[in-house]
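Asker: Chain order of the listed sequences is Z and D. In this text, residue positions in the first sequence follow our numbering: the first is 1, and each later residue adds one. In this text, residue positions in the second sequence follow our numbering: the first is 1001, and each later residue adds one. Take a look at this one; I'll ask things after.
There are 2 protein chains.
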Amino acid sequence: MLKIGVLVSGGGTNLQAIIDAIDAGKINGEIVAVVSNRKDAYALERAKKHNIETAWISKKQFVSFDEYEDALIDYFKAKNVGLVIFAGFMVILTSKFADAFKNKIINIHPSLIPSFCGKGFYGLKVHEAALAKGVKVTGATVHFVDSEADTGPIILQKAVEVKEGDTPEILQKRVMEQAEWVIFPEAVRLFAEEKLVVENNIVRRVD
Amino acid sequence: MLKIGVLVSGGGTNLQAIIDAIDAGKINGEIVAVVSNRKDAYALERAKKHNIETAWISKKQFVSFDEYEDALIDYFKAKNVGLVIFAGFMVILTSKFADAFKNKIINIHPSLIPSFCGKGFYGLKVHEAALAKGVKVTGATVHFVDSEADTGPIILQKAVEVKEGDTPEILQKRVMEQAEWVIFPEAVRLFAEEKLVVENNIVRRVD
Chain Z
1 MLKIGVLVSG
11 GGTNLQAIID
21 AIDAGKINGE
31 IVAVVSNRKD
41 AYALERAKKH
51 NIETAWISKK
61 QFVSFDEYED
71 ALIDYFKAKN
81 VGLVIFAGFM
91 VILTSKFADA
101 FKNKIINIHP
111 SLIPSFCGKG
121 FYGLKVHEAA
131 LAKGVKVTGA
141 TVHFVDSEAD
151 TGPIILQKAV
161 EVKEGDTPEI
171 LQKRVMEQAE
181 WVIFPEAVRL
191 FAEEKLVVEN
201 NIVRRVD
Chain D
1001 MLKIGVLVSG
1011 GGTNLQAIID
1021 AIDAGKINGE
1031 IVAVVSNRKD
1041 AYALERAKKH
1051 NIETAWISKK
1061 QFVSFDEYED
1071 ALIDYFKAKN
1081 VGLVIFAGFM
1091 VILTSKFADA
1101 FKNKIINIHP
1111 SLIPSFCGKG
1121 FYGLKVHEAA
1131 LAKGVKVTGA
1141 TVHFVDSEAD
1151 TGPIILQKAV
1161 EVKEGDTPEI
1171 LQKRVMEQAE
1181 WVIFPEAVRL
1191 FAEEKLVVEN
1201 NIVRRVD
């Protein structure tokens, strides 16, 4: 069974969606650790409620970013993690981490990549940019993480309608409910069943 | 009733979608002229079949691009055109034309803008780029035309799924059928009913 490590920074609603999918028997895997860079992240509480091991590993605890990154790698390697999930993880790691878990890290981004992604596009800022551009369709993307922000191979995407009168907050909620919490567990399920193959930076489904 | 001028270069399937919507009584407008830069564009045959006036106006007929553009403007102004539609029109006009029909020109682009748009992205090249990036969702965008390529206010967008094994041609056909031929007539309908307002480069619907 796939051992999953999760990195979080905040409320953990995407973590919850994956926990729920596992509890419902949809994903052939188990979360072996939830690690936060913030001690007070509510995501840690969610993990504890489901008897999942948690850890607080922050760069404050290390003399260099390099050592912080090594600690994260060592922690997950020691647990034989076969998949690392970034579930609202707000730290940008280097290619060292990406290389340590090549094609074994997945992230969710709240837009249809390549729109509204890359440096500076995170959280509400993504939805603010979409509304400022006046798009009528946005969505979410689950992708493998490579060494640059939001550039890795795309696993799944789902479109969401932008409506008249949307604020960034309203749009964020709709994208979470209609897209993120749907495609993130689905991508983990496909990964756990070994149905994803990356060729030339493109994800293909094998059945 | 709204008088519509259409600019074409090729087969005219989007023109046909609009003609059909008018014939079905869905659009409160009439096409008063279809103008092609190419003499042999099949779109001209489609127009003739519906007794719509056609013209061949090419830059070859003028000593400068400026005069060509003036001729197009004069032609449509003489017909009291209140809306100009670019239906697969492959010539890039300058801001002179855009200013002559400000917020009265609409174009369709075969992607979800701001993805895969701008210079060099036209026709099959758009779908080739989408497949090369490995996106799982693409679509089409109807927008007002301003002085730059594909940057004008977005009127409507519709998402289309990318499927395993898609070629640019297969994807192009699906985007046309599921998105372009749906949202282009719908955008013309909304324009004809004066339900579109542009504020700060964003299109709002008024009912």
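Glycine included, every Cβ here is placed at the ideal spot set by N, Cα and C. Just so it is clear, the structure is predicted and the values come from calculations on it, not from any experiment.
Can you tell me which of the three DSSP states F144 (chain Z) falls into?
Answerer: In the first sequence, counting from the first residue as 1, residue 144 (chain Z) sits at position 144. Three-state DSSP puts F144 (chain Z) in a strand.
Asker: Would you kindly check if the distance between the Cβ of I22 (chain Z) and the Cβ of V6 (chain Z) is under 8 Å?
Answerer: Residue numbering aside, residue 6 (chain Z) sits at position 6 when the first sequence is read from its first letter. Residue numbering aside, residue 22 (chain Z) sits at position 22 when the first sequence is read from its first letter. No; because the gap between Cβ atoms is not below 8 Å, this pair is not in contact.
Asker: Please tell me whether P168 (chain Z) has its Cβ less than 8 Å away from any Cβ of chain D.
Answerer: Stepping through the first sequence from its first residue, residue 168 (chain Z) is reached at position 168. No, its Cβ sits nowhere closer than 8 Å to a Cβ of chain D.
Asker: Quick check on S1111 (chain D): does DSSP put it in helix, strand or coil?
Answerer: As a first step, residue 1111 (chain D) must be located in the second sequence, where it is residue number 111. In this structure, S1111 (chain D) counts as coil in the three-state DSSP scheme.
Asker: Taking 8 Å as the threshold (C-beta atoms), are G1029 (chain D) and I1004 (chain D) in contact?
Answerer: Position 4 of the second sequence, counting from 1, holds the residue named residue 1004 (chain D). Position 29 of the second sequence, counting from 1, holds the residue named residue 1029 (chain D). Closer than 8 Å, so yes.
Asker: Just checking, does the region 1007 to 1017 of chain D make contact with the region 194 to 202 of chain Z on the three C-beta pairs under 8 Å criterion?
Answerer: Flag = no, the region 1007 to 1017 of chain D and the region 194 to 202 of chain Z do not touch.
Asker: Quick check: is the beta carbon of Q178 (chain Z) nearer than 8 Å to any beta carbon in chain D?
Answerer: As a working note, residue 178 (chain Z) is residue 178 in the first sequence. No, no contact with chain D.
Asker: By the 10 Å Cβ neighbour count, where 16 or more other Cβ atoms means buried, how is A1078 (chain D) classified, buried or exposed?
Answerer: The residue given as residue 1078 (chain D) occupies position 78 in the second sequence. Looking at its Cβ environment, which holds fewer than 16 other Cβ atoms inside 10 Å, A1078 (chain D) is exposed.
Asker: Give the residues of chain D in contact with V137 (chain Z), contact being defined as C-beta atoms less than 8 Å apart.
Answerer: Counting from one through the first sequence, the residue named residue 137 (chain Z) turns up at place 137. Here the neighbours are L1112, G1139, Q1157, K1158 and A1159.
Asker: If you draw a straight line from the alpha carbon of G152 (chain Z) to that of V160 (chain Z), how long is it in whole angstroms?
Answerer: Taking the first sequence and counting its residues from 1, one reaches residue 152 (chain Z) at position 152. Taking the first sequence and counting its residues from 1, one reaches residue 160 (chain Z) at position 160. Roughly 21 Å separates the two Cα atoms.
Asker: If you measure beta-carbon to beta-carbon, which residues of the region 116 to 134 of chain Z are closer than 9 Å to chain D?
Answerer: Answer set for the region 116 to 134 of chain Z: F116, L131, A132, K133 and G134.
Asker: Determine contact between the region 140 to 148 of chain Z and the region 96 to 104 of chain Z, defined as no fewer than three beta-carbon pairs at a distance below 8 Å.
Answerer: At 8 Å Cβ cutoff, the stretches touch.
Asker: Can you tell which of Z:L44, Z:A47, Z:E186 and Z:I170 has the C-alpha that lies nearest to the C-alpha of N107 (chain Z)?
Answerer: On the first sequence, position 107 is the one that residue 107 (chain Z) refers to. Taking only the C-alpha atoms, the option nearest N107 (chain Z) is Z:E186.
Asker: Under 8 Å between C-beta atoms, does N1201 (chain D) make it to chain Z?
Answerer: Walking along the second sequence from the start, residue 1201 (chain D) turns up at place 201. Taking Cβ atoms only, chain Z reaches closer than 8 Å to N1201 (chain D), which makes this a yes.
Asker: Over what stretch of residues does the alpha helix (DSSP H) that includes V182 (chain Z) continue unbroken?
Answerer: As a working note, residue 182 (chain Z) is residue 182 in the first sequence. That run of the alpha helix (DSSP H) goes W181 to A192.
Asker: Reducing DSSP to helix, strand and coil, say where A159 (chain Z) ends up.
Answerer: Stepping through the first sequence from its first residue, residue 159 (chain Z) is reached at position 159. A159 (chain Z): strand per DSSP, three-state reduction.
Asker: How would you write the range of the beta strand (DSSP E) that A1204 (chain D) sits in, first residue to last?
Answerer: For the purposes of this step, residue 1204 (chain D) is taken as the residue at position 204 of the second sequence. In the sequence under discussion, the amino acid at residue 1204 (chain D) is Arg, which differs from the Ala named in the question. Run containing R1204 (chain D): I1202 to R1205, per the beta strand (DSSP E) assignment.
Asker: Taking the DSSP output, what are the residues bridged to G1139 (chain D)?
Answerer: Working through the second sequence from its first residue, we reach residue 1139 (chain D) at position 139. DSSP lists D:A1159 as partners of G1139 (chain D).
Asker: Between which two residues does the beta strand (DSSP E) containing L196 (chain Z) stretch?
Answerer: Here residue 196 (chain Z) refers to the residue found at position 196 of the first sequence. Note, L196 (chain Z): beta strand (DSSP E), L196 to E199.
Asker: Taking the Cβ atom as the reference point for each residue, do K136 (chain Z) and Q1157 (chain D) lie within a distance shorter than 8 Å?
Answerer: In the first sequence, residue 136 (chain Z) corresponds to position 136, counting from 1. In the second sequence, residue 1157 (chain D) corresponds to position 157, counting from 1. The answer is yes: Cβ separation under 8 Å.
Asker: Less than 6 Å between C-beta atoms, sequence neighbours within five positions excluded: which residues of the same chain meet that for F1086 (chain D)?
Answerer: Working through the second sequence from its first residue, we reach residue 1086 (chain D) at position 86. Counting only Cβ-Cβ distances below 6 Å, and skipping sequence neighbours, we find L1007 and N1107.
Asker: When every heavy atom of the ligand MG is checked, does at least one fall within less than 7 Å of the C-beta of F1121 (chain D)?
Answerer: Inclusion of the ligand MG in the displayed structure is not the case, the ligand content being empty and no account of it being possible.
Asker: Does I1019 (chain D) have its Cβ less than 8 Å from a Cβ in chain Z?
Answerer: As a working mapping, residue 1019 (chain D) is identified with position 19 in the second sequence. Not one chain Z Cβ lies under 8 Å of I1019 (chain D).
Asker: Cβ closer than 9 Å: which chain D residues qualify as neighbours of P153 (chain Z)?
Answerer: As a position in the first sequence, residue 153 (chain Z) is number 153, starting the count at 1. Ordered by position in chain D, the residues that pass the 9 Å Cβ test against P153 (chain Z) are G1134.
Asker: Pick helix, strand or coil for S1095 (chain D), following the three-state DSSP scheme.
Answerer: Here residue 1095 (chain D) refers to the residue found at position 95 of the second sequence. S1095 (chain D): helix per DSSP, three-state reduction.
Asker: From this set, D:A1047, D:N1080 and D:F1097, which residue's C-alpha is nearest A1071 (chain D)'s C-alpha?
Answerer: Position 71 of the second sequence, counted from the start, is the residue given in the question as residue 1071 (chain D). Looking at the Cα atoms, D:F1097 is the closest of the given residues.
Asker: In three-state terms, what does DSSP make of K3 (chain Z)?
Answerer: Sequence index remark: in the first sequence, residue 3 (chain Z) carries index 3 (1-based). It is a strand residue.
Asker: Is E193 (chain Z) close to chain D? Criterion is C-beta to C-beta, closer than 8 Å.
Answerer: As a working note, residue 193 (chain Z) is residue 193 in the first sequence. It does not; no Cβ of chain D falls within 8 Å.
Asker: To which residues of the same chain is E1128 (chain D) closer than 8 Å at the C-beta, ignoring the five residues directly before and after it?
Answerer: By 1-based counting over the second sequence, the position of residue 1128 (chain D) is 128. Cβ neighbours of E1128 (chain D) beyond the five flanking positions: P1168.
Asker: Using three-state DSSP, classify E1128 (chain D) as helix, strand or coil.
Answerer: Translated into the one-based positions of the second sequence, residue 1128 (chain D) becomes position 128. Correct three-state label for E1128 (chain D): helix.
Asker: Apart from the five residues just before and just after Y42 (chain Z), which ones in its own chain have a Cβ nearer than 8 Å to its Cβ?
Answerer: One-based indexing of the first sequence puts residue 42 (chain Z) at position 42. Taken in chain order, the residues that qualify are G10, G11 and G12.
Asker: In this structure, how does DSSP classify I27 (chain Z) when only helix, strand and coil are distinguished?
Answerer: The residue you call residue 27 (chain Z) lines up with position 27 of the first sequence. If DSSP states are grouped into helix, strand and coil, I27 (chain Z) belongs with coil.
Asker: Please list the terminal residues of the continuous beta strand (DSSP E) segment that includes I85 (chain Z).
Answerer: Counting from 1 along the first sequence, the entry for residue 85 (chain Z) is found at position 85. Per DSSP, I85 (chain Z) belongs to the beta strand (DSSP E) from L83 to F86.
Asker: Going by CA-CA distance only, name the one from Z:D40, Z:Y122, Z:V34 and Z:I18 that's closest to I27 (chain Z).
Answerer: Taking the first sequence and counting its residues from 1, the one referred to as residue 27 (chain Z) is at position 27. Out of Z:D40, Z:Y122, Z:V34 and Z:I18, Z:I18 has the C-alpha closest to the C-alpha of I27 (chain Z).
Asker: Would you please verify whether the beta carbon of H205 (chain Z) is less than 8 Å from any beta carbon of chain D?
Answerer: Taking the first sequence and counting its residues from 1, the one referred to as residue 205 (chain Z) is at position 205. It should be noted that the sequence gives Arg, not His, for residue 205 (chain Z). Answer yes: the Cβ-Cβ gap between R205 (chain Z) and chain D drops below 8 Å somewhere.
Asker: Could you tell me which of D:V1091, D:V1126 and D:E1045 sits nearest to V1175 (chain D), measuring between CA atoms?
Answerer: Locating residue 1175 (chain D) in the second sequence gives position 175, where the first residue counts as 1. Ranking the options by Cα distance to V1175 (chain D), first place goes to D:V1126.
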